[in-house]
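Heads up: the structure comes next, in structure tokens.
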Amino acid sequence: MALLAIALRIHNAFHFNPYWGYDGGAHLAYIETLAREGRLPTMQESYVAWHEPLYYAFMAWWWRVVSPWSHTATNILDTLSFVQAMLGMLLVVLSYAWARIAAPDNRFTHLMALVFAATLPGSLLLSSYLTNELLLQIGMLGLLVLLVLFGFHKKRLYHIFFAVLLGFFSGCLLLTKLTALVPVGALVLWFLWGSLRTHSFLLFRNGILIALIATTMAIPWHIYRRHTFGTPWTINNYEQQLHARESRPLPKNFFTTFDTNIFLHPFWDTGATSFFTMLYADTFADYQGIFHNPDTVQLLPEHDRMEIANKQSIPKRQAAYLRYMLLAALPLAFAYMLGLIHLSLHVLRTRFKFTKELLVLLVCGGLFVALLYNVTRYPFLERGTLKMIFILALMPILAPYAFSFSRNMFYRVILGSATLTYAVLATLAFWV
């Protein structure tokens, strides 16, 4: 499975043009400006110029490293795409590590979490084009792995040096994307709550220290952002400007319905009047219909391709795979709901005890609320303000609780069969 994950990502790195991804050209323009001119771009040069700079600085460093040996811009782009693919593998490795930590004595869970992380569409897509979203998801999952793997050993949670490390890590997250406020805020809140439950001043001190270090690291960027773009601490400066000129309500019953037509046509704008339909299709398939190679699609006979609402053509064979993926994912979605319910009940039964389960629930709940906020604040659904990749880390974080919900053999056979079937279909659909 590890070899399949590597092969998928490396293949797509050289066959999926980064410009085809969400805002692909804008992300690349940000990196190029930093690499060539050593400065941050303007909004005229890249409409994602308001994004936090850490990911782009990292990629610009790679650009400068390889540029002396690269004869064409294509060589540089291939190198950056390969680096992105390796970051994608890191997310898979962290997903497996987290499954081992959260469910230490359950090999079935470890294997299923690895298979699912390796072939989850959002994970594959973020590994295939240049975007800061991938580094953010790695950071959120890595923060949990770091905390649980080392923090509970020899009571390091109470050590000031461990708090400094967590504060620095959190600051780096805040300099990757503002969405990191969710896991960082959850972490600080968890420490402060722990200080109340255990009557520990050391936990209180460490929580405050983490917040101070992370905030201090992020403040200079937000001063620059306020001076340059006029709106610091805004999720999306670009959409903010559009929102000022255009406002619209969300569809009626948007949060209370589910459109089963998505199983027949798993693309925008089917189900566009239902939050959970869009979320389901974007999580388990390719709702926006961008994860394919347009160059090879145009070479197909007309009867072998179909046009979708975003004016793109996709292979009919891929559309069939995506429909089957949504059906195969039904047991997975059910398992995730069971795992989340079981996790929530565990936290309630223990009366919000200072445990890793409480932190997991805070992070996952915060990410879901953040997605709800984003779609209600910017209700421009046709511009992709509701995407699972914004909170992709939620899937590997909850995976151990979904796959280990029951040790019943029937449960495992159904879930294992669905996961393996889904993985095969995803490989066939997204080998671009």
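When we follow my numbering, the leftmost residue of the sequence shown carries the number 1, and every step to the right adds one.
Idealized CB from N, CA, C, for every residue including glycine.
inquiry  = At the level of alpha carbons, what is the spacing between residue 130 and residue 115?
reply    = Rounded to the nearest angstrom, the two C-alpha atoms are 24 Å apart.
ask   = Going by DSSP, what residues sit across from residue 112 in a beta bridge?
value = Secondary-structure assignment with DSSP links residue 112 through no beta bridge to anything.
query = Taking the C-alpha atoms as reference points, what is the distance between residue 209 and residue 164?
reply = Each residue's Cα considered, the two are about 7 Å apart.
query = With C-beta atoms as the reference, is residue 429 less than 8 Å away from residue 325?
reply = Residue 429 is a Cβ neighbour of residue 325, given a cutoff of 8 Å.
ask   = Looking only at its own chain, which residues have a Cβ that is under 7 Å from the Cβ of residue 321, when we skip the five neighbours before and after it?
value = Excluding residues within five positions, the ones whose Cβ falls inside 7 Å are 425, 428 and 429.
Through-space distance from residue 350 to residue 175, alpha-carbon basis = Cα to Cα, residue 175 sits roughly 35 Å from residue 350.
task = Return the Cβ separation of residue 286 and residue 271 in integer angstroms, given the expectation that the two are a contact with Cβ distance under 8 Å.
result = With a Cβ gap of about 14 Å, residue 286 and residue 271 do not count as contacting.
Whole runs of the alpha helix (DSSP H) within the region 146 to 196, excluding any shorter than 4 residues = List check, alpha helix (DSSP H) in window: 160 to 174.
ask   = Between 225, 88, 291 and 54, which lies nearest to residue 177 when the distance is taken from Cα to Cα?
value = For residue 177, the closest of 225, 88, 291 and 54 by C-alpha to C-alpha distance is 54.
task = To the nearest angstrom, report how far apart residue 339 and residue 215 are at their CA atoms.
result = In this structure, the alpha-carbon of residue 339 lies about 33 Å from that of residue 215.
message = According to DSSP, residue 305 sits in a beta bridge with which residue or residues?
response = Paired residues: 315.
query = Does the beta-carbon of residue 264 have 16 or more other beta-carbons within 10 angstroms, so that it is buried, or is it exposed?
reply = By the 10 Å Cβ count, residue 264 comes out exposed.
task = Please say whether residue 117 and residue 436 have beta carbons closer to each other than 8 Å?
result = An answer regarding residue 436 cannot be provided, because it is not within the stretch 1 to 432 covered by the chain.
key: Rounded Cβ spacing between residue 64 and residue 85 (contact assumed at less than 8 Å)   = Contact between residue 64 and residue 85 is ruled out by a C-beta separation of about 20 Å, above the 8 Å threshold.
query = Who are the Cβ neighbours of residue 310 in its own chain at under 7 Å, not counting the five residues just before and after it?
reply = Cβ neighbours of residue 310 beyond the five flanking positions: 268, 288 and 289.
query = What do you reckon, are the CB atoms on residue 147 and residue 203 nearer than 8 Å?
reply = With respect to the 8 Å criterion, residue 147 and residue 203 are not classified as neighbours on the basis of their beta carbons.
request  = Out of 12, 7 and 123, point me to the one whose CA is closest to residue 81's CA.
outcome  = The candidate whose alpha carbon is nearest that of residue 81 is 12.
request  = Report the three-state DSSP secondary structure of residue 433 (helix, strand or coil).
outcome  = For the chain, the structure presents residues 1 to 432; residue 433 sits outside this window and is missing.
inquiry  = For residue 281, which residues in the same chain have their Cβ closer than 7 Å to its Cβ, ignoring the five residues on either side in sequence?
reply    = Within the same chain, Cβ atoms closer than 7 Å to the Cβ of residue 281 are found at 262, 266, 271, 287 and 326, the five residues on either side in sequence being excluded.
inquiry  = Please classify residue 379 as buried or exposed, where buried requires at least 16 other C-beta atoms within 10 Å of its C-beta.
reply    = The Cβ neighbour count for residue 379, taken over all protein chains shown within 10 Å, is at least 16; the residue is labelled buried.
request  = Please specify which runs of the alpha helix (DSSP H), each continuous and at least 4 residues long, are wholly inside the region 251 to 299, giving them in chain order.
outcome  = The DSSP assignment places complete alpha helix (DSSP H) segments of no fewer than 4 residues inside the region 251 to 299 at 275 to 284 and 294 to 298, in order along the chain.
message = At 4 residues or longer, what runs of the alpha helix (DSSP H) sit wholly inside the region 359 to 419?
response = Qualifying alpha helix (DSSP H) stretches, in chain order: 394 to 403.
Every unbroken alpha helix (DSSP H) inside the region 42 to 74 [4 residues or more] = As summarised for the region 42 to 74, the continuous alpha helix (DSSP H) elements at least 4 residues long and confined to that stretch are 54 to 66, given in chain order.
Straight-line Cα distance separating residue 302 from residue 143 = Taking the straight line from one Cα to the other gives about 48 Å.
task = On a CA-only basis, which of 253, 150 and 188 is nearest residue 167? Give me that one, please.
result = Distance from the Cα of residue 167 is smallest, within the candidate group 253, 150 and 188, for 188.
inquiry  = Please classify residue 46 as buried or exposed, where buried requires at least 16 neighbouring CB atoms within 10 angstroms.
reply    = Burial call: buried.
ask   = In terms of residue numbering, what span does the alpha helix (DSSP H) encompassing residue 33 cover?
value = First-last of the alpha helix (DSSP H) with residue 33: 24 to 37.
ask   = alpha helix (DSSP H) containing residue 227: first to last residue?
value = Unbroken alpha helix (DSSP H) run through residue 227: 201 to 229.
message = By alpha-carbon positions, which one of 306, 222, 89 and 26 ends up nearest to residue 4?
response = Measuring C-alpha to C-alpha distances from residue 4 to each of 306, 222, 89 and 26 identifies 89 as the nearest.
ask   = Would residue 154 be called buried (16 or more neighbouring beta carbons within 10 Å of its own) or exposed?
value = With fewer than 16 other Cβ atoms from the protein chains shown falling within 10 Å of its own Cβ, residue 154 counts as exposed.
key: Rounded C-alpha distance that separates residue 416 from residue 394   = Straight across, the Cα-Cα distance linking residue 416 with residue 394 is about 20 Å.
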